[in-house]
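Worksheet: the structure to be examined is printed underneath.
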Amino acid sequence: MIKLLNPNATIPVEDTIRNNIIKSFKDKSIKIKYLLQSVPGKLSFAIDVILLDFINLHGPYSGENLCDAFVSSCCEFKIILKIFTITSNNATNNDTFMQHLKNIYYNENITFNAVESHCRYIAHIINLAMQDILKQFKAGKAQTENAIFNDMNTPIMAKNIILKL
Numbered sequence: 001m002i003k004l005l006n007p008n009a010t011i012p013v014e015d016t017i018r019n020n021i022i023k024s025f026k027d028k029s030i031k032i033k034y035l036l037q038s039v040p041g042k043l044s045f046a047i048d049v050i051l052l053d054f055i056n057l058h059g060p061y062s063g064e065n066l067c068d069a070f071v072s073s074c075c076e077f078k079i080i081l082k083i084f085t086i087t088s089n090n091a092t093n094n095d096t097f098m099q100h101l102k103n104i105y106y107n108e109n110i111t112f113n114a115v116e117s118h119c120r121y122i123a124h125i126i127n128l129a130m131q132d133i134l135k136q137f138k139a140g141k142a143q144t145e146n147a148i149f150n151d152m153n154t155p156i157m158a159k160n161i162i163l164k165l
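Using the UniProt record's numbering, the first residue of the sequence shown is number 1, and each one after it goes up by one.
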């Protein structure tokens, strides 16, 4: 199709496209690495929203496994000592993630407070709370269309409709 539009067009082969993508990724990674290292102070992460690196995660999505991958990326980017907070949802594996991170820091004689450094998504918390509230209410049996229209013809229903308007 490209040759039909432009007979002089050069179409790169698959390996060239792949190599260009990998080179572009490496170039951008170097820039991001430098940028993150040069930030004064600490860094905060939202672990399931942003990507710091592309990693083939082997094994289950356990807190330990996710934490090891995160720490590996942070070490590669040389920002492991810049971690301030990590924001995540309330999944149990994220609690395990934070505890495992605390243990990694402890083994390196570095102070890290996993409780104070773990921020939870407020939207996720509100969602869980609303689900618990809504579980208390059960939907009644649905009325048929005719029953609804019959109710609307009663004077009490008509009065309520007028008052609401």
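The beta carbon of each residue, even a glycine, is placed where N, CA and C say it ideally should be. Just so it is clear, the structure is predicted and the values come from calculations on it, not from any experiment.
Beta carbon of residue i nearer than 7 Å to that of residue j
i	j	result
residue 118	residue 64	no
residue 86	residue 125	no
residue 11	residue 22	no
Per-residue burial, residue i [other beta carbons within 10 Å of its own, 16 or more giving buried]
i	result
residue 105	buried
residue 88	buried
residue 32	exposed
residue 5	exposed
residue 66	buried
residue 83	buried
residue 98	buried
residue 165	Only weak support is given to the placement of residue 165: the predicted model assigns it a pLDDT of 44, under 50, and the value that follows is read from those uncertain coordinates. So residue 165 ends up on the exposed side.
residue 45	buried
residue 50	Bear in mind that a pLDDT of 48 at residue 50, under 50, signals an unreliable position, so the number given afterwards is only what the model happens to contain. Residue 50 comes out exposed.
residue 68	buried
residue 141	exposed
residue 42	exposed
residue 135	exposed
Selected residue, minimal CA-CA separation from residue i, among the options
i	options	result
residue 34	79, 42, 17, 58	79
residue 128	91, 1, 31	91
residue 81	131, 123, 111, 21	111
residue 56	44, 120, 73, 42	73
residue 114	122, 96, 131	96
residue 29	19, 76, 61	76
residue 61	131, 44, 93	93
residue 108	71, 120, 147	71
Entirely within the region 4-90 and at least 3 residues each: give me those beta strand (DSSP E) ranges in chain order.
43-46, 83-88
At what residue ranges does the region 116-147 contain a whole run of the alpha helix (DSSP H), taking only runs of 4 or more?
122-135
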